[in-house]
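Below you'll find the structure, written out as structure tokens, and then a few comments.
Numbering (the numbering used here), first residue to last: 1 to 741.
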């Protein structure tokens with residue numbers, strides 16, 4: 001009888017486990033295409049980069065992380081192989097120093113590092129670290145006291161999950177996460193000598209202070225101070241034997257947690273984060289994880305990602321194209337990051353404790369990068385998040401007088417106006433619009449050099465005898481072009497709101513880009529205060545801030561997405577414009593021109609950075625969509641998922657902008673002017689794309705046949721005039737048929 005019961009129990013367990021496995025497999029139907037390692041591999045090919053990398057340089061391509069994250073979450077739980085690097089993880093490294101809880105891929109964050117350690121492996125780990133290449137930039141910031149060798153053969157990841165085996169400590173690490181919490185599982189080989197390092201004196205930002213306290217037999221809480229204070233509350237499933245602090249509260253210091261001996265099974269750490277308080281971190285943990293198991297949280301993460309990824313389903317295409325589509329879609333939805341707690345509290349821009357009951361507070365978008373496409377994609381996939389991001393920017397505006405701009409330009413205007421014109425309008429529209437008007441008109445404020453821009457219609461640069469790549473100046477050409485587009489964006493909002501006066505003023509200012517066009521060279525060219533053109537002038541030379549922002553003259557001279565007709569006229573009409581575009585994509589890059597982040601070229605066109613990402617689509621405006629498609633196919637086939645392992649990106653992902661570019665281009669709908677509620681149609685990579693819109697309707701994009709050159713477009717069975725389709729298709733559903741030859 002006992003044997004029968006044991007057999008029956010075993011069958012039940014097997015059925016349960018197989019059921020869980022099947023559910024997990026079903027939930028990950030599209031998640032299986034997501035390769036979170038794409039973008040972590042180094043790009044080294046000079047033929048793609050445009051130049052040979054200087055010694056000890058690593059290209060700024062990719063800068064992604066493979067760890068566990070939920071969409072637009074507070075927590076991004078990922079391995080750390082190099083402090084001071086873009087995303088903390090570089091595929092070519094062979095040592096992991098910890099697992100951090102925040103990430104963006106921009107040389108910042110990577111907070112609250114944890115590292116499981118086995119006492120008997122410490123000496124071998126130190127030897128491995130000593131033998132590592134500490135001379136390479138950033139590696140000198142890695143901790144010398146711990147870390148472990150690892151192999152990619154014993155590492156895997158998927159949306160909401162990461163696993164790796166630490167060789168020196170003989171511990172298998174598994175990670176999963178919720179919006180505000182991380183869940184660590186450490187499978188040690190034994191039950192003695194187990195430790196966890198809380199490496200609180202380290203992050204990608206400089207640490208000014210940290211603290212940790214034991215508040216229960218298995219509970220720790222504390223915080224880490226960088227530019228902001230980040231709090232944590234951690235619950236272990238094993239009792240703590242001791243807590244030792246090394247260089248307490250100082251940069252480089254850490255806490256060593258020794259665990260009680262004898263407990264069998266994996267060590268688990270459930271940790272809640274908050275940017276407000278340890279009490280809030282505790283509440284976040286209790287509400288989001290509580291008593292749930294690692295498997296339950298992992299399953300929850302898998303299902304959440306599956307629901308999002310399944311909004312876009314495709315037929316046809318290669319396996320690699322599907323992998324790139326869903327990996328890019330995944331990467332597009334990690335930033336901006338949640339900052340409010342489950343109780344609605346957050347720390348605002350003035351570093352004051354605030355609370356909201358009607359929206360979640362998010363970091364500002366990476367606007368200079370993402371206004372072009374990713375902010376639009378966020379609104380299409382997760383409109384509630386996009387709405388809360390706008391409310392968060394409005395909160396900043398209420399407390400500072402200005403909507404945040406991020407880095408360069410004033411692209412909150414495009415991001416907010418574009419969302420509003422697409423129907424995301426459940427926010428204080430008039431109040432937000434009023435602050436955007438301040439951005440556009442009040443100096444000093446959000447826009448540097450605004451007075452000159454308004455008075456002269458352009459922003460000048462100083463006369464510098466021998467400017468170099470990193471010469472600091474005004475980036476007057478880029479600012480003028482971008483402010484012109486921002487004025488157009490705000491003008492569109494003004495028109496819908498019935499503000500005729502500001503509409504006329506802003507639309508007139510939106511033509512200011514023309515003031516940077518030099519007809520003698522047929523480039524957008526820098527000007528001095530007296531209006532003269534800057535000379536000498538080399539249109540191929542790249543600058544970070546002199547005349548241009550991270551670009552050369554070629555890369556900004558086709559930027560007027562709001563007025564392509566006017567831009568084409570500057571070049572003397574379609575023929576002149578076409579010949580100039582042809583030169584953009586064929587004139588070889590000078591390998592002596594080395595400007596980090598200005599890399600990866602097709603001729604002079606730089607796909608590795610954002611300033612000219614609209615240029616490939618420009619042929620469409622002179623009736624040559626086949627030329628646009630040829631460039632797009634070259635980019636999609638040869639600049640994504642490349643390198644000997646297929647894991648490199650030909651440019652920094654920049655909070656998902658590079659990824660969003662691929663998503664839109666691969667499905668055949670691009671946000672050429674992100675402000676306008678319309679999409680430029682190109683040939684999709686797939687035979688059919690079915691997009692389940694936020695309104696519950698289906699938008700289908702199909703391309704019968706193998707041809708890539710567009711000859712026509714049908715919308716709901718009728719011939720479409722031109723190459724743009726309306727955002728109404730995302731509201732009501734419909735069918736776009738791309739006719740090719």
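Where a beta carbon is used, it is the ideal one built from N, C-alpha and C, also for glycine.
As the structure is a prediction and not an experimental result, all values here were calculated from the model.
Under the three-state reduction of DSSP, which class applies to residue i: helix, strand or coil?
i, result
"residue 715", "strand"
"residue 724", "strand"
"residue 397", "helix"
"residue 540", "coil"
"residue 328", "helix"
"residue 23", "Low confidence applies here, because residue 23 scores a pLDDT of 37, under 50, leaving its location unreliable; read the following figure in that light. Note: residue 23 maps to helix in three-state DSSP."
"residue 136", "For residue 136, the predicted model reports a pLDDT of 43, less than 50, meaning its position is unreliable; a value from the coordinates is still stated below. Here residue 136 sits in coil by DSSP."
"residue 234", "strand"
"residue 340", "coil"
"residue 548", "coil"
"residue 571", "coil"
"residue 239", "coil"
"residue 165", "strand"
"residue 315", "strand"
"residue 617", "helix"
"residue 435", "helix"
"residue 555", "helix"
"residue 210", "strand"
"residue 406", "coil"
"residue 604", "coil"
"residue 272", "strand"
"residue 731", "helix"
"residue 141", "helix"
"residue 740", "strand"
Comparing C-alpha positions only, which one of the options sits nearest to residue i?
i, options, result
"residue 155", "362, 308, 96", "96"
"residue 638", "602, 332, 617, 610", "602"
"residue 166", "411, 122, 208", "122"
"residue 227", "209, 360, 85", "209"
"residue 198", "671, 176, 348, 231", "231"
"residue 718", "348, 737, 730, 708", "737"
"residue 285", "570, 325, 236, 255", "236"
"residue 572", "192, 521, 605", "521"
"residue 589", "648, 161, 554", "554"
"residue 674", "631, 726, 253", "726"
"residue 407", "207, 549, 504", "549"
"residue 380", "47, 628, 120, 669", "669"
"residue 679", "360, 34, 740, 665", "665"
"residue 353", "328, 276, 325, 363", "276"
"residue 178", "272, 104, 200", "272"
"residue 399", "350, 282, 504, 292", "350"
"residue 430", "449, 409, 452, 394", "394"
"residue 311", "287, 449, 697", "697"
Got a sec: is the Cβ-Cβ distance from residue i to anything in chain B below 8 Å?
i, result
"residue 458", "Among the chains in the structure shown there is no chain B, since it carries only a single protein chain."
Is it true that the CB of residue j sits closer than 8 Å to the CB of residue i?
i, j, result
"residue 64", "residue 88", "no"
"residue 113", "residue 171", "no"
"residue 405", "residue 446", "yes"
"residue 334", "residue 76", "yes"
"residue 176", "residue 99", "no"
"residue 557", "residue 524", "yes"
"residue 542", "residue 607", "no"
"residue 33", "residue 327", "yes"
"residue 174", "residue 31", "no"
"residue 250", "residue 216", "no"
"residue 37", "residue 66", "yes"
"residue 45", "residue 83", "no"
Taking 7 Å as the cut-off, is the beta-carbon of residue i closer than that to any non-hydrogen atom of the ligand NAP?
i, result
"residue 290", "You won't find the ligand NAP in this model; it holds no ligand whatsoever."
Touch test, the region 342 to 351 against the region 42 to 54, Cβ-Cβ under 8 Å, three pairs minimum: no
Ordered list of alpha helix (DSSP H) runs contained in the region 645 to 720, each at least 4 residues: 657 to 667
Three or more C-beta pairs below 8 Å linking the region 411 to 423 and the region 451 to 462: no
Uninterrupted alpha helix (DSSP H) stretches inside the region 50 to 130 (no shorter than 4 residues): 122 to 130
Validate contact between the region 298 to 306 and the region 354 to 367 using beta carbons, cut 8 Å, 3 pairs: no
Stretch pair the region 610 to 625 + the region 576 to 592: three plus CB contacts closer than 8 Å: yes
Any alpha helix (DSSP H) of 4 or more consecutive residues that is wholly inside the region 470 to 532: 476 to 497, 500 to 509
Cβ contact check for the region 652 to 666 and the region 366 to 382: 3 or more pairs under 8 Å: yes
Validate contact between the region 623 to 630 and the region 704 to 716 using beta carbons, cut 8 Å, 3 pairs: yes
Contact between the region 499 to 510 and the region 529 to 539 (3+ Cβ pairs under 8 Å): no
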